[in-house]
Amino acid sequence: MKNNRRESRHGGRQKLNPLAVLQEYPELRITIKKLGWLYKNTFKNLSDFEKQIIVFWVSYLNGCSVCCMAHGTHLINLSKDPDLPAKLIRWKTDALSAAQHKTLLDFVTKLTRHPYDFRESDLERLWKAGYNKKSSEEIILLVAKANMVNRIVSGFQAELPEHLKIVWEQWRDGAWQGEQ
Numbered sequence: 001m002k003n004n005r006r007e008s009r010h011g012g013r014q015k016l017n018p019l020a021v022l023q024e025y026p027e028l029r030i031t032i033k034k035l036g037w038l039y040k041n042t043f044k045n046l047s048d049f050e051k052q053i054i055v056f057w058v059s060y061l062n063g064c065s066v067c068c069m070a071h072g073t074h075l076i077n078l079s080k081d082p083d084l085p086a087k088l089i090r091w092k093t094d095a096l097s098a099a100q101h102k103t104l105l106d107f108v109t110k111l112t113r114h115p116y117d118f119r120e121s122d123l124e125r126l127w128k129a130g131y132n133k134k135s136s137e138e139i140i141l142l143v144a145k146a147n148m149v150n151r152i153v154s155g156f157q158a159e160l161p162e163h164l165k166i167v168w169e170q171w172r173d174g175a176w177q178g179e180q
């Protein structure tokens with residue numbers, strides 16, 4: 001068995017390397033890749049922006065800075081708003097161009113943080129905001145996948161490179177673009 005640990009830049013602690021571990025479990029790696037392909041190529045009811053905002057928000061709720069940075073960058077590219085991830089983190093939902101996206105984030109929050117309290121009324125609220133049954137299925141499956149990937153990345157204690165860590169801290173702490 002390979003050594004799946006790497007030196008951390010923080011006090012010499014040993015961290016597991018998620019990519020190296022996944023290399024040892026090719027079936028798991030292939031399954032995760034297939035899931036990603038399916039979401040990208042078969043889910044047609046949600047826009048790319050909605051898919052990215054869901055994964056970004058789940059990652060933020062789970063404290064997965066690695067996934068937040070990856071999907072936050074996609075959000076910036078799709079929205080052309082370099083401040084969008086920082087605004088969302090501080091729940092400045094007026095930054096969202098469509099009112100239904102706030103309802104989407106409320107739905108995603110409840111499903112991620114309180115799945116045991118999930119009710120038909122939560123789905124009805126989503127439908128009332130303009131999402132159909134197929135869209136709601138895609139949202140639920142995407143939230144589930146994002147939670148799984150966040151657990152893998154967090155469980156292996158993956159770290160951001162220093163240059164991205166600075167950006168993440170600025171987004172999170174409100175120091176982005178001169179905000180205080």
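Residue numbers (this note's numbering): 1 to 180.
Where a beta carbon is used, it is the ideal one built from N, C-alpha and C, also for glycine.
Predicted, not measured: the structure shown is a model, and the values here were computed from it.
- Nearest Cα to Ala20 within the set Phe56, Ile152, Lys133: Ile152.
- If you look at Ala70, you'll find it in the alpha helix (DSSP H) that goes 65-79.
- Rounded to whole angstroms, Cys64 and Ile139 show a C-alpha spacing of 19 Å.
- Straight through space, the alpha carbons of Val55 and Ala146 are spaced by roughly 6 Å.
- Gln157 and Glu24 have their C-alpha atoms spaced approximately 17 Å apart.
- In the DSSP annotation of this structure, the continuous segment of the alpha helix (DSSP H) that includes Phe56 starts and ends at 48-61.
- Collapsing the DSSP output to three states places His163 in a helix.
- With a cutoff of 9 Å on beta-carbon distance, Asn45 and Lys134 are scored as near each other.
- Within the model, the alpha-carbon separation for Gln52 versus Gly155 is close to 22 Å.
- Here Ser121 carries a helix assignment [DSSP, helix/strand/coil].
- Within a 10 Å sphere around the beta-carbon of Thr31 sit fewer than 16 other beta-carbons, which makes this residue exposed.
- Here Ala98 is exposed, its C-beta having fewer than 16 other C-beta atoms within 10 Å.
- Between Leu126 and Leu104, the C-beta gap is smaller than 9 Å, which places the two residues in contact.
- Here the C-alpha atom of Trp91 lies approximately 26 Å from the C-alpha atom of Tyr39.
- Sequence-distant partners of Asn150 (beyond 5 residues in either direction) whose C-beta falls short of 7 Å from its own C-beta, in its chain, are Val58, Ser59, Asn62, Cys64, Cys67.
- In the structure shown, the three-state DSSP call for Tyr116 is helix.
- In this structure Leu160 is in contact with Met69, their Cβ atoms being roughly 6 Å apart against a cut-off of 8 Å.
- In the DSSP assignment, Leu96 falls outside any alpha helix (DSSP H) and carries neither an H nor an E.
- Here DSSP, grouped into helix, strand and coil, assigns Phe107 to helix.
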